[in-house]
Each structure stands twice: as C-alpha cells, then as structure tokens.
Amino acid sequence: MNTYSNCREHSRSWSLGWQLMLMLVVACCLVTVQAQAQNAMLKDSSFVALPGHKLEVRLDFDMPPPSPRAYSIDSPPRLVLDLFGASNDIGRRQLDIRTGAVESLSLAETEGRLRVVANLNEMVGYDAYAEGNSLFLVFGGAPGLPAVSSSAPARAAPAPAPAAPAPAAASTYGTGMPAIQGTRVQGIDFERLDGGHGRVLISMSDDKAGLDIVEEGNNVVVNLQGATLSGSLNQRVDVQDFATPVMFIDSMSSGRNTTILVKPGAAPYDYMAYQTGNQLVLDFKPITYAEEERRKQDRFPYTGEKIDLNFQDVEIRSVLQIIAEVAEMNLVVGDEVGGNITLRLKNVPWDQALDLVLKTNGLAKREVGNVMLIGSAQTIAERERAELEAQKQVKELAPLLTEFIQVDFRKASEMKGRVEEAKLVSERGFIMADDETNVLMVRETAAQIEEIRDTLRRFDVEVAQVLIEARIVSASADFQKDLGIRWGMAGIDERKNSSFVIDGGSPSNTPQFVQGFPDTGNSNLMVDLGVTPQSSFVFSYIRDNFLLSAELSALQTEGKAEIVSQPKVITTNGKPGLIESGVQIPYQTVEDGEVNIEFEDATLKLEVTPQLNPGDRITLDLDITQDSVGAVLPNGEVSINTNQLQTTVNVADGDTVVLGGVFRNESVNNLSKTPFFGDIPVIKNFFRKRETSNTKTELLIFITPKLIRESLAVQ
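The sequence shown begins at 129 in the working numbering and counts up by one.
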C-alpha cells in the first residue's frame, strides 16, 4: 500500500509539472502572437520618378508605421532606416529599383525591427514622412540626413477614428502612382539614332499621367498610371531590323492604366528615360561587356576576398587582426585603438569590411607597401601634420645652391615665367633669365633645384611644326548667243501730177529726197535690231521703183577660265601662321573739304592656328580670304570681289579635305522688239532681237596639313 501510494503521489507531481510547462508555453505563444499583432506589417511597396531627378519610394503597412531612425554610409553609399516595431510581410528581401540614385532596397527583419537599406549610386539627400498607413521616402537633392518627419500617431496612443476623406493627392497612392484622369497615350514610335542607339517615343495627350519605370529581368517596364491606350496601339512592335539594343515593344492596357514593355536583346546596354512636356523618351545605348564590367566596379569599388564576420561584443583589435590575416598584410595598430564592436557581415569583401569597422569607430588607415597602419583619425592627422612641419623646417634650413640651366627649345624668359607660375621658387631663392644665352640662373636648395629641372624637362621640348597647304580653285564658264535683224525699204510712185515716196527713218534724220530714191543708209532703216559685233548676211532687192534691203546678224561667244591659288604656310603647334599676297587699291575720301587717298586691300590670305591631337590628327582654326579686283564703278572707283571662309576642322596628317564651295549659275534671256509688229505671227521675227547668256562660276577650297618630321626638315 505504501508503495502504491508513493507511486500515485509521484505521478501527480509529474502531471502537475507537465501542466505548468504547457501553460508556460501557451503563455509565451500568446505573448509572441500579441507582440506580432502590435507590429506594423509591411504589405506592399512601389516607387515613382519625380521631376527634378528625384525618386519617391512608398512602403505600405497594415497600420501607421513607426518613425524611422536613419544613418548613412559613405562608401559604398548607403542609407539605413531602422523601423522598430515593424515586420516584413511581402515575401521579398530585395526590391530592385535602378532609377535615379537608388539601385535597390534591402529588407532585413531582426530583434523586433525592420531594417530598410537603400543601396545608392552616390550620396544624395532624402526626406521621409508618413501619411496614413504608408511611409514615403523621397531621394534626391543635396546629400545629407535631414530630420525625419512623420505624421503617423504614436504607438502608445490608440488609432484615431476614420476622419474625412483625405485629399486627392494623398489618396491616389493606392496603386503606388497618382491616378490622373483624362490622359491618353496617342502614339508609340521608335527611331534609330547614330551609333546604333535606339529611341522609344511615347506621346500622350498631357503630362499628368503617373510614371513608374522598373527593370524586370532584362526588360524595361513603363507603367503609366491613369493613362488609357487606344486599341490600335495595343500590340507588339518588332524593331529588330533597326539593329539597336531594342528587340520588341509590347503595349497593353488594363483599366485606366497602361503598361509598355521594352524588351532589349541579350547584349549589354544602358538606357536613360526623361519626359519633355507630353512626350516620354527612352534612349537605349549599346555598351561593351568591358564597359558593363567597369561600371559595376565603379559602383562597387571593393575587390578584396569576400569574408564572413559574425561577432558579438568582440574587441576591435581582434577583428582588425582577422581582416589583416585574410588580406595577407602586416598590421600596426596604435595604442589609442580599443573598445568592442558587434557586427554581422556575410560574403563581404575584406576591404569593405575594414572600411566599415574604421568609419564606425572613428579610425583611419595608411598603407606603406604591405604594411597597414591603423589608428584614430585624429592621431594620424596630427602625426602627418607634424611630419609636414618637420619637412618644412628642414627645407628652410637647407643650404642654397646656384645652378645654371640651359634652355634648348624655348625662350629662357618664357621658362622663367612657367617656374614662377608653378611657385617653385621659395622666398629664400631667386631665378633669373638671360635670353641672349638662353640660360636660367637658379639659386635654391638642392631638392628645389631638382624639382625645377623636372618641370623644365616637361616644358622645354621640341615643338612640332605643321605645313598647311590650301588650294583655292575658281572656275567659270561663259556662253552668249545673240540673233538680230536690220532692214529697210524705199519706194516712189509717180502718177499724173504727183509723186508718192516711202522710206524708213525718224523725224530727226529724214533724208533729202533728191531725184527719185532717197539716200538710204543706217539712219533710214525701218528695223534696226542688229548685233554688234556680228556675223551678218545681207541681201537687197530692187525692182522698178521699189528698194528692199535686209541684214541678218548673229553672234555666239564661249569662254572658260580656271584660277588656282595655292598658299602655303609653316607654323608651330598652337601658334598662328599668316601668309598674304595681293594689291592695294587707292580710293579718295573727303573729310572737312580735304581730299585724302586711302587704300583697300585685295589680297589672297591664309591665316591658320594648328593644334596637334593624339593619333596624328590636327585641329585647324582657319581664316581664308580670296579678294580680286572687280568692275569699275561709274564714279571711277574699283569694286572688290570677296570670298572668305572661317572654320575649324580636324584632319588626319596628310589628308586633304574640302572645306567648302560656292556654285553660281546666272542665266539671262533678253528680247528686244518693235511694238505691235513684234507680236504678229509669221512676221514677228522681222521685228525682234534675242540675247541669251549663261554664266557659271564655282569656288572650291581644299586644305592639307602635314606634320614636318625630321626627314622632311632635313630635306
């Protein structure tokens, strides 16, 4: 009985213990559930590009979010926001953005807080504010960490009752973008630019549609919130034949939202999006794989071996020792370095981990060979400042020496100015130039004299010379054809008691009628439309008392001329060269009643300044003028025909390029005729004279630069 009673008592105690443990577990679960229920759960995220190169990121929670605590990291540029009492419930830990200065957002949940890390291309300013159950992060502007504003209620206070509807601007963020009414996509075009670039043009009825551009895989997705798409544009456009990074453009509409998917090929590319008025432009540029890799390195400059560090309250010296062993470098740590650190880094380059440890503890490092010196930033700065002061004192106490330096290719005075401009002469020393012997006299310390010599070796070098040859070709072709006629007639009719005489002429030159026919001549022609000079054909007809005389005259002239001017000039790199040849034309001027003779130049001029570029290419600043004596004016003065060209070109050594040209074609058709008779069919040509001329002129200007090398100089 005693044994049985003992067993029952023992069983009761075990049962009671299990009940207590079960109650404790349930209580813990209830506490955990209650704690989770009090956390603000992140439900959704979105972002939108704003004017002024800004980006707005929206984080939607199931309740008003807590105020974030923020700090930044300069290298790599990052912004870290800690939301205590928040949890991640969207099922993702990485949000790819790649818009503006923001590459992505990383979400990490630990110890009752949600950490949001913005991975940036460069440090920019930001602003954070809460509105309802949403937290808005605006990136852009000057770098800095402004005070975080929040309109969310405090966590200890109960949630306020629903108030009146929020303003339209705030309530339109339900989809992550403003819901604007009335915007319509009117056209989607594509064009190929120089260099294989592709451009997508999206035309809209206005500029009020919300814009959201994201990268999904290798595709670029343009979301236009509050914009509708016509049925004719709801299709796929194949643009592969344009040979640009873009392969297809897919357009689709869902309700009052439009999505445009730009699908590039597999080759690497870069793109830029901007909006001007009612048009959204996306430019796609092909890049090489090497350039893509270089851009990745520029965004992330750390190249060390990746390591994992997970320490809780460990000495900083121990962490530095571990990093030095991974880097295979010798380590010297100053006495002022101390304290503990807690860090958790996974798959991070060792040089990035080292920078994080140093910056978070106010430390700095210096590397000399394979030795790494670490100390407080203030101590290292003071040590370097002391070293500079010591060097300055040594320099001030160093003895002065006098050196004579021969200048070979430049003027000594010019080199003296270069040295003084570089501030290489101290207050104790001096420098003097003698252009006759082209020698510099320098009195300075030995170290300073050596630095002056190094500077002179950079500047005192032989300057390349360039031969510039211009050819100005002026060609002209003239053609003239004239056709005219001269004719006259005379007659006399004698009847019973009277005579009737007919003759050509004018009242001022009517001839005397003497014994029958008048004395005919040029002044008695009825039609005098002949050509002078001329090739003529004359015939006369006389019968009874009638005389007819006619002369057909014609002239045709042709002329061709070609004038080639070929000025040449040699000059040094960066120095202007000028050659000019011509005449001076005198003309009179009257001033205060006094007659003066002045001269105007009519010259052929070549003025050029060459600049050598890498790859034996030469940039030429040219001013070419070709003047010639023109026609003599009625007052006796002479006009000047002017041709001038001013330009800047880049030409390879020895190549010839056409700088420009002028072609002129002048056609003239003149018709002289006798009124009324010159318009009568059949006989009108007997009362007409025709003159036809055609003049063509052409001006071409060529330029050929040549580097003068040693072999050419010897010749």
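Even for Gly, the Cβ is constructed at its ideal location relative to N, Cα and C.
Computed from a prediction, not measured in an experiment: that's the story for all the values here.
Would you identify the three-state DSSP class for residue i, choosing helix, strand or coil?
i, result
"V591", "coil"
"D448", "Correcting the residue type first, residue 448 is Leu in the shown sequence and not Asp. In this structure, L448 counts as helix in the three-state DSSP scheme."
"G304", "Caution is warranted here: a pLDDT of 35 is assigned to G304, below 50, making its placement in the model unreliable, and the coordinate value is therefore given only provisionally. It is coil, neither helix nor strand."
"M569", "strand"
"K812", "helix"
"M543", "helix"
"F607", "strand"
"L321", "coil"
"R837", "coil"
"T825", "strand"
"V522", "helix"
"A481", "helix"
"L552", "coil"
"F805", "helix"
"R511", "helix"
"I577", "helix"
"Q534", "strand"
"D751", "strand"
"A394", "coil"
"Y417", "helix"
"L528", "coil"
Residue i: buried (16+ other C-beta within 10 angstroms of its C-beta) or exposed?
i, result
"Y715", "exposed"
"Y199", "exposed"
"P833", "buried"
"L483", "For the sequence presented, residue 483 should be read as Asp rather than Leu. Counting Cβ neighbours within 10 Å, D483 comes out buried, since at least 16 surround it."
"D588", "buried"
"A122", "As displayed, the chain neither begins before 129 nor continues past 843, which places residue 122 out of reach and without an answer."
"D610", "buried"
"V718", "exposed"
"E708", "exposed"
"R243", "buried"
"A229", "buried"
"K551", "exposed"
"T404", "exposed"
"A841", "Interpretation of A841 is limited by its pLDDT of 45, a score under 50 that renders its predicted location unreliable; the figure taken from the coordinates is listed afterwards. Flag for A841 reads exposed."
"P809", "exposed"
"R513", "exposed"
"A256", "buried"
"V460", "exposed"
"T737", "buried"
"M400", "exposed"
"Y254", "buried"
Do the CB positions of residue i and residue j come within less than 8 Å of each other?
i, j, result
"D188", "S173", "yes"
"K824", "A605", "yes"
"I508", "A518", "no"
"A561", "L529", "no"
"V313", "L357", "yes"
"R186", "L211", "no"
"V537", "V591", "For clarity, residue 537 is Phe in the given sequence; the question names Val instead. For F537 and V591, yes; Cβs fall inside 8 Å."
"M598", "I829", "Residue identity check: residue 598 is Ala in the sequence provided, not Met. Yes, these two residues count as a Cβ contact at 8 Å."
"F412", "T470", "no"
"R472", "N498", "no"
"F370", "R423", "no"
"G324", "P392", "no"
"L787", "V777", "yes"
"G710", "L732", "yes"
"N247", "A214", "no"
"L734", "I746", "no"
"M375", "V367", "yes"
"G268", "H181", "yes"
"M500", "N458", "yes"
"R679", "W615", "Inspection of the sequence shows that residue 679 is occupied by Glu rather than by Arg. Contact flag set, yes."
"D340", "N406", "no"
Since residue i and residue j are thought to touch, with beta carbons under 8 Å apart, how far apart are those beta carbons, to the nearest angstrom?
i, j, result
"I600", "Q754", "5 Å"
"G354", "T311", "6 Å"
"V245", "E184", "Not confirmed; about 18 Å, so no contact."
"L568", "K544", "6 Å"
"N475", "I444", "Contact flag wrong, Cβ pair sits at about 22 Å."
"N848", "S379", "Nothing about residue 848 can be reported from this structure: the residues present for the chain run from 129 to 843 only."
"Q593", "T699", "7 Å"
Using beta carbons (cut-off 8 Å, strictly below), is residue i in contact with chain B?
i, result
"P205", "Included in the structure is just one protein chain, with no chain B present."
Please go through the segment 325-389 and give each complete beta strand (DSSP E) segment of 3 or more residues, from N-terminal end onward.
-> Runs of the beta strand (DSSP E) inside the segment 325-389: 326-332, 338-344, 347-353, 355-357, 364-366 and 374-382.
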